[in-house]
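Q:
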Amino acid sequence: MNRVLLADRAATAVLWGIALFVVAILAAIIGHFVVDSLPTFTLSFLFTEPVSDGIGGIGPLLFNSIYMLVLTMLLTIPIGILGGIYMAEYASENRFTNLIRLSQEVISSVPSIVVGLFGMTLFVIGFGWGFTAIGGALTLLVFNLPLLMRLCEQAIRAVPADERAASLALGSSKWQTIRHAVLPVAIPGVVTGIVLTAGRVFGEAAALLFTAGDAVPSNYDYSFISLFDPRSPWSLFHKGTTLSLYIWNLRTESTNPDKETIAAMSSMVLLVMVLLFNLSSRWLGRALQRRVSGL
Amino acid sequence: MTIQQGASPVTPTPPTPVPVSSLQPAVFPGIDPNAAVKLRAKDVKIRYGARVAVRDVTLDVPEHSVMAFIGPSGCGKSTVLRCFDRMNDLIPGATVEGTIELDGQDMYAQNVLPVEVRRRVGLVFQRPNPFPMSIYENVAYGPRRHGLKDKGRLDELVERSLHRAALWDEVKDDLRKKSGLALSGGQQQRLCIARTMATDPEVILMDEPCSALDPIATLKIEELIAQLKTEFTIVIVTHNMQQAARVSDRTAFFTLGEDRAGYLVELDDTLKIFTNPANQLTEDYVSGRFG
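From first to last, the protein sequence lines stand for chains A and B.
In this text, residue positions in the first sequence follow my numbering: the first is 1, and each later residue adds one.
In this text, residue positions in the second sequence follow my numbering: the first is 296, and each later residue adds one.
1) Around the Cβ of residue 218/A, are there at least 16 other Cβ atoms within 10 angstroms (buried) or fewer (exposed)?
2) When the distance is taken between beta carbons, is residue 434/B closer than 9 Å to residue 418/B?
3) Curious, which full-length alpha helix (DSSP H) runs of at least 4 residues does the region 193 to 240 of chain A contain?
4) Quick one, which residues of the region 196 to 218 of chain A are near chain B if we go by CB-CB under 8 Å, in chain order?
5) Kindly list, in the order they appear in chain B, the residues whose Cβ is closer than 8 Å to that of residue 162/A.
6) Can you find a CB in chain B that lies within less than 9 Å of the CB of residue 180/A?
7) Would residue 510/B count as contacting chain A if we go by Cβ distances under 9 Å?
8) Output needed for residue 413/B: all residues of its chain with C-beta closer than 6 Å, excluding positions within five of it in sequence on either side, in chain order.
9) Using a beta-carbon distance cut-off of less than 7 Å, what residues from the region 424 to 444 of chain B approach chain A?
10) Looking at the unbroken alpha helix (DSSP H) that takes in residue 501/B, where does it start and where does it end?
11) With 16 other CB atoms within 10 Å as the buried threshold, where does residue 29/A fall?
12) How is the beta strand (DSSP E) around residue 25/A delimited, first residue to last?
13) CA-CA distance, residue 526/B and residue 517/B?
14) Quick check on this structure: which residue in 428/B, 340/B, 356/B has the alpha carbon closest to the alpha carbon of residue 370/B?
15) Check the Cβ of residue 492/B against every Cβ in chain A and list those closer than 8 Å, keeping chain order.
16) Could you work out which residue in 519/B, 444/B, 507/B is closest to residue 457/B when comparing CA atoms only?
17) Please state whether DSSP places residue 299/A in a helix, a strand or coil.
18) So what does DSSP say about residue 117/A, is it helix, strand or coil?
19) By a C-beta neighbour count over all protein chains shown, 10 Å radius and 16 as the cutoff for buried, is residue 411/B buried or exposed?
20) In chain A, which residues lie with their C-beta within 9 Å of the C-beta of residue 417/B?
21) For the putative contact between residue 216/A and residue 242/A, defined by C-beta atoms under 8 Å, what is the C-beta separation to the nearest angstrom?
22) Could you say which of 578/B, 426/B, 354/B, 507/B lies nearest to residue 545/B if we only look at CA atoms?
23) Going by Cα to Cα distance, which pick from 581/B, 425/B, 513/B, 549/B is closest to residue 351/B?
24) If we count Cβ pairs, one from each stretch, closer than 8 Å, do we get three or more for the region 153 to 160 of chain A versus the region 125 to 132 of chain A?
25) Determine, for residue 166/A, whether the minimum Cβ-Cβ distance to residues of chain B falls below 9 Å.
26) Could you tell me if residue 224/A is buried or exposed, where buried requires 16 or more neighbouring beta carbons within 10 angstroms of its beta carbon?
27) Kindly list the residues whose CB is nearer than 8 Å to the CB of residue 473/B, restricted to its own chain and excluding five residues on each side of it in sequence; keep chain order.
28) Using a Cβ-Cβ distance cut-off of 9 Å, determine whether residue 39/A contacts chain B.
29) What are the residues that DSSP puts in a beta bridge with residue 400/B?
30) Cutting at 7 Å between CB atoms, please list the residues of its own chain near residue 137/A, excluding the five before and the five after it.
31) Closer than 8 Å, Cβ to any Cβ of chain A: which residues of the region 356 to 382 of chain B, in chain order?
32) Determine the chain B residues that contact residue 294/A at a beta-carbon separation under 7 Å, and present them in chain order.
33) Looking at the secondary structure, which residues open and close the beta strand (DSSP E) in which residue 561/B lies?
34) Report yes if the CB atom of residue 377/B is closer than 9 Å to the CB atom of residue 397/B, and no otherwise.
35) DSSP three-state label for residue 553/B, please.
36) Is the region 400 to 407 of chain B touching the region 472 to 488 of chain B, taking contact as three or more C-beta pairs under 8 Å?
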C-alpha cells in the first residue's frame, strides 16, 4: 500500500481510538455508578432528608446544590458577560488590560482549596458570617468569573467584523451593534462558557468545604421563606452544604453503615444533574438564538 | 502579459475602450445641470497614521445621479467612498483633512454624530454580508434600531424595501422561514441593498457591490441601480469599466501618484471619460494600456 495512504489510515485509526477511549471512560463512570446504585435507588431518595443510620435521602443537599448553582450563576453570568463585552469591544490594548488577562489566568489556575482558604479568611472569619451559602457562592465567583469573562471575550471576538460593520453602516450605535448584531452570533460560545462554569459549581468540594461547610442538614422547612434568617433554607446565610460535599462527608467523617451505597447513589444523581444542565443549557441557547434571529 | 495583483476577478484584464453604441442610452445625455449638489469633497486628504493614502480629492456629486469611482487597485477609491459615511472613523489611526459636505453641511463638524451621518448615507459592502437572521429581520434591523416598533408599519416597510430591491417575488414566501445566509450571492447582495433602503437614506454608497457575483446577478444589480437613482444619490466603486460605463452618469478616475498616495485625476461625464478623456493617464487606463 502507498505510504501516504497508510499514514492516513493510521492517523484516522489513532484519532478514532482516542475518541472512543474518551467515550468509554464516560460510559464506564456512569455504568459503575448505575450498577452500584440502581438496585437500591428509589425516587424518595431524591426528596427525603439524610439520616445518620440507614440510607435516608438527599433532598436538602439536592436543594442546596441547585440553590448554590442559581445563586452563583446569578452573580457570575451578568458580570461575566458584561466583563467579556468590555474586554472584547471597549478595552484598548495596554498594560492595564494585560494585567487583567494575567490575573484571569492566574486565578483560574490557583488550586480551589487555596481559593477556599481565602474565602474562609474573608467571609467566614473576616465578615463573621460563619459557614453560609452566600460565602460559598462568592468564593465560587472568585474563580468562575475570570473563566466566564475570558470565554465570553473569546466568543465575542470570534464574531466576524462584517457583522459589526453592517450594523454600524445602518446607523446603529456601538451598543446597539453589540446588543443586536454581535451577541446573538456569540450565543453558542457564551452558553459553552456558562456550562463549563456551572459544571464547576456542581462539582466543587474543596472551595466550599471552608466556606459553605459540610454540615449534614436536617429539618428543612421550605415554607419558611427569608433571605437573611439563617434558619430558612432559602436564606443567603443558611449553611449551604451541597451534594458534592455530602459525598465528601460520607467518605470521611460519616459513621453511617450504608455510607458507600449513599455515596454511589449521590454520585449518580450528581452526574445526571450535570448532564441535564448541560443539555438544557444548549437547548436554551439554541432557542434564544432562534428567537433573536427571527427564524 | 502580467496579471495585476488584486485585480477584480470579473475583469482580469482591462477591456478595450467601450464603443459608444454599447452605452445604455437611458443614462445619457447625462444629469440635470441644475441639480443640487448632494455630496461635496474639497481638498480631501486621508492618512492612515503617518502615511498619506489619498490626497487632492475635490468633487461634487449631484443629487439623483450615479457617480462611478474607477482606478487601479490601491488608489484609494474605497477609502474616499467610506469618508462619505464616516466608516473610516472605525479604522484606528485614519484621519481626514479637508471638508466633506452632505447637503452643504460639514459632515465632520464637531457637533455631527457619525451615527446620524450613517442614517442618511447607506453603504453596500463588497462582499454580501447579511446578518445570520431571517430575511425579515435583516430588512427590519435598521428601522428597529432607529426606534420603529409598530408591527404593521415594519411589515409594510420590509415589503416595500424588498420590492424596491427587486427581491420580493423571490423571497415573499419565506420571509421568516429562511435565513438571509441561505440565499444565493446575488440575492444576498440585493437583500443588503433592501436592508440599506429600509433605513430611508438619501445617499447609497456601493463598494464594488458586484465583484463577488456572477454576470447574471451583476446585471440584476445594475438594472436596480438605474431604477434607484430616481430616489437616491448613488456612488459606486467598481473595477469593471463596462459596469461604470453602463450604470453611471459621471465617472471619477483615481490613480496612484509617484508618492504612493492615490489622487483624483479626472472627473467628467462618463461618456467623455470613456471616449475622449482630457488626461493621458485616464486615456491609458480606460484603453487598457495601464492599470
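Quick reminder that beta carbons are idealized off the backbone N, C-alpha and C, glycines included.
A: Reading it off the structure:
1) exposed
2) no
3) 206 to 209
4) none
5) 420, 422, 424
6) yes
7) no
8) 380
9) 424, 426, 427, 428, 429, 431, 432, 436, 437, 440, 441
10) Premise fails: residue 501/B lies in the beta strand (DSSP E), 498 to 502, not in any alpha helix (DSSP H).
11) exposed
12) Note, residue 25/A: premise wrong, no beta strand (DSSP E); alpha helix (DSSP H) at 3 to 37.
13) 15 Å
14) 340/B
15) Correct list: empty, because the minimum Cβ distance to chain A is about 11 Å.
16) 519/B
17) Residue 299/A lies beyond the stretch modelled for chain A, which goes from 1 to 295, so this question has no answer here.
18) helix
19) exposed
20) 169, 170, 171
21) At roughly 12 Å, the Cβ-Cβ gap does not stay under 8 Å, so residue 216/A and residue 242/A are not in contact.
22) 354/B
23) 549/B
24) no
25) yes
26) exposed
27) 429, 430, 466
28) no
29) 397/B
30) 68, 71, 72, 75
31) 380, 382
32) 428, 429, 431, 432, 471
33) 557 to 564
34) no
35) coil
36) no
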